[in-house]
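**Q**
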Amino acid sequence: MHAETLRLGHIVYSNCFPVHARLLARPEPGDPLLVEGIPSRLNELLAQGEIDVAPCSSIEYAWHAERYRILPDLVIGSRGAVRSILLLSRRAPEELHGRTVALPTASATSVVLLKILLRLRWDAAARFVWFDQAREDPFAGGADAALFIGDVALRSDLFPSLSVRLDLGEEWWEHTGLPFAFAVWQAGSGSPGALARLHALLVASRAYFAAHRAELAERYAASFGFPAARLVRYWSDLAFELDPPMVKGLETFYQLAAEVGEIPRAPGLRWSL
Numbered sequence: 006m007h008a009e010t011l012r013l014g015h016i017v018y019s020n021c022f023p024v025h026a027r028l029l030a031r032p033e034p035g036d037p038l039l040v041e042g043i044p045s046r047l048n049e050l051l052a053q054g055e056i057d058v059a060p061c062s063s064i065e066y067a068w069h070a071e072r073y074r075i076l077p078d079l080v081i082g083s084r085g086a087v088r089s090i091l092l093l094s095r096r097a098p099e100e101l102h103g104r105t106v107a108l109p110t111a112s113a114t115s116v117v118l119l120k121i122l123l124r125l126r127w128d129a130a131a132r133f134v135w136f137d138q139a140r141e142d143p144f145a146g147g148a149d150a151a152l153f154i155g156d157v158a159l160r161s162d163l164f165p166s167l168s169v170r171l172d173l174g175e176e177w178w179e180h181t182g183l184p185f186a187f188a189v190w191q192a193g194s195g196s197p198g199a200l201a202r203l204h205a206l207l208v209a210s211r212a213y214f215a216a217h218r219a220e221l222a223e224r225y226a227a228s229f230g231f232p233a234a235r236l237v238r239y240w241s242d243l244a245f246e247l248d249p250p251m252v253k254g255l256e257t258f259y260q261l262a263a264e265v266g267e268i269p270r271a272p273g274l275r276w277s278l
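Here the sequence shown is numbered in this note's numbering, starting from 6 and rising by one per residue.
1. Quick check: the Cα distance between Arg72 and Gly193, rounded to an integer number of angstroms?
2. Can you look up His1 in the DSSP assignment and give me helix, strand or coil?
3. In angstroms, rounded to a whole number, what distance separates the CA positions of Tyr66 and Pro232?
4. Please classify Gly174 as buried or exposed, where buried requires at least 16 neighbouring CB atoms within 10 angstroms.
5. I'd like to know whether the C-beta atoms of Arg88 and Tyr239 end up nearer to each other than 7 Å.
6. If you draw a straight line from the alpha carbon of Asp57 to that of Ser168, how long is it in whole angstroms?
7. Roughly how far, in whole angstroms, is the beta-carbon of Leu122 from the beta-carbon of Glu176, given that I think they are within contact range, below 8 Å?
8. List the whole-angstrom C-beta distance separating Leu200 from Ser277, where the pair is believed to meet the contact cut-off of C-beta under 8 Å.
9. Quick one: measure Cβ to Cβ for Ala222 and Leu236, integer angstroms, because I've assumed they're closer than 8 Å.
10. Which same chain residues end up closer than 7 Å to Asp36 when comparing Cβ atoms and leaving out the 5 residues on each side of it in sequence?
11. Helix, strand or coil, according to DSSP, for Ile268 in the structure here?
12. Please classify Ser115 as buried or exposed, where buried requires at least 16 neighbouring CB atoms within 10 angstroms.
13. Does Ala263 come out as helix, strand or coil in the three-state DSSP assignment?
14. Pull up the distance between the alpha-carbon of Gly254 and that of His204, whole angstroms please.
15. Runs of 4 residues minimum, wholly inside the segment 177-265: which ones carry the alpha helix (DSSP H) assignment?
16. For the candidate residues Ala8, Phe185, Ala26, whose alpha-carbon lies nearest to that of Tyr213?
17. Quick check on Met6: buried or exposed, where buried means 16 or more other Cβ atoms within 10 Å of its Cβ?
18. With H, G and I counted as helix, E and B as strand and the rest as coil, what does DSSP make of Trp127?
19. Considering only the alpha carbon of each residue, which of Ala145, Ala234, Ser45, Trp68 lies closest to Gly273?
20. Determine the direct distance from the alpha carbon of Leu13 to that of Leu328, and round the result to whole angstroms.
21. Compute the Euclidean distance between the alpha carbons of Ala226 and Ser83, then round it to the nearest angstrom.
22. Give a yes or no on whether the C-beta atoms belonging to Ile81 and Ala148 are separated by under 7 Å.
23. Cβ of Ala107 within 7 Å of Cβ of Val134?
24. I'd like to check one pair, Ala262 with Pro270: are the Cβ atoms closer than 7 Å?
25. As an exercise, report each continuous beta strand (DSSP E) stretch of at least 3 residues that is fully enclosed by the segment 48-112, in chain order.
26. First and last residue of the alpha helix (DSSP H) that includes Gly155?
27. Less than 8 Å between the CB atoms is what I'm expecting for Pro109 and Phe136, so what's the real figure, rounded?
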């Protein structure tokens, strides 16, 4: 009998690469089928049953907790500054009350995180509009501030004239004292045995990345559009282990998302193993 082949979503940003590194750099027979997409697209594919597992936006689990199980010990998160989730603004965040803030269509979790910080940290009730960060200039459309995520946010030439540049990972850390989980690996389908095998494979892939970080940065720097040294620094700022403090940060995020009305209630965490 052939082992079940799972369809695994892969975020096309560089922040997902470390956990999937071995699958990409040294694919082997029996690996899952990788399906690439931006975070919001992977959320859709998982909800539609087009993929079995994906590193989906943390808020996606809260929206559909009855459908999904979380693979333990795997996360894309930060313990402080993350560099790739930035609010750029013409004015201080406390002055955004009643102002227009542009939100990227590519994001889900970071959008909710920003709404939490605006309400509970900066006491600002803003007006929100959506934009495509790959194609549109939100400031040309009249926005007072805009959220950028992923590799776009890492660009050094991203609106350099704007002096207010807030790292939401750092702002969350200062507000709560907790790490932040931007994405967790969520299973919508797959047998217990197949999910256990995938989990072991991903943990091993993460270890492969840790052992080959510098050479992988050299190999993939051009495809991500950054110098290798900068890519290594960015990866070093991220956290990939869903340890107890990170779980506490995730639970707190859900509690505050419920407090500001983004979800009906904070969900309990259901695990795949």
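Ideal placement from N, C-alpha and C gives every residue a C-beta, glycine not left out.
This structure is a prediction, so every number in the text was calculated from the model and none was measured.
**A** Looking at the coordinates:
1. 6 Å
2. Nothing in the structure corresponds to residue 1, since the chain is present only between 6 and 278.
3. 34 Å
4. buried
5. yes
6. 42 Å
7. 5 Å
8. 5 Å
9. 4 Å
10. Leu28
11. coil
12. buried
13. helix
14. 22 Å
15. 197-216, 218-229, 233-242, 249-264
16. Ala26
17. Bear in mind that a pLDDT of 38 at Met6, under 50, signals an unreliable position, so the number given afterwards is only what the model happens to contain. So Met6 ends up on the exposed side.
18. coil
19. Trp68
20. A question about residue 328 goes unanswered here, because the residues of the chain that appear run from 6 up to 278.
21. 21 Å
22. no
23. yes
24. Residue identity check: residue 270 is Arg in the sequence provided, not Pro. No, Cβ-Cβ distance for Arg270 and Ala262 is not below 7 Å.
25. 58-62, 74-83, 90-94, 105-109
26. 155-158
27. 6 Å
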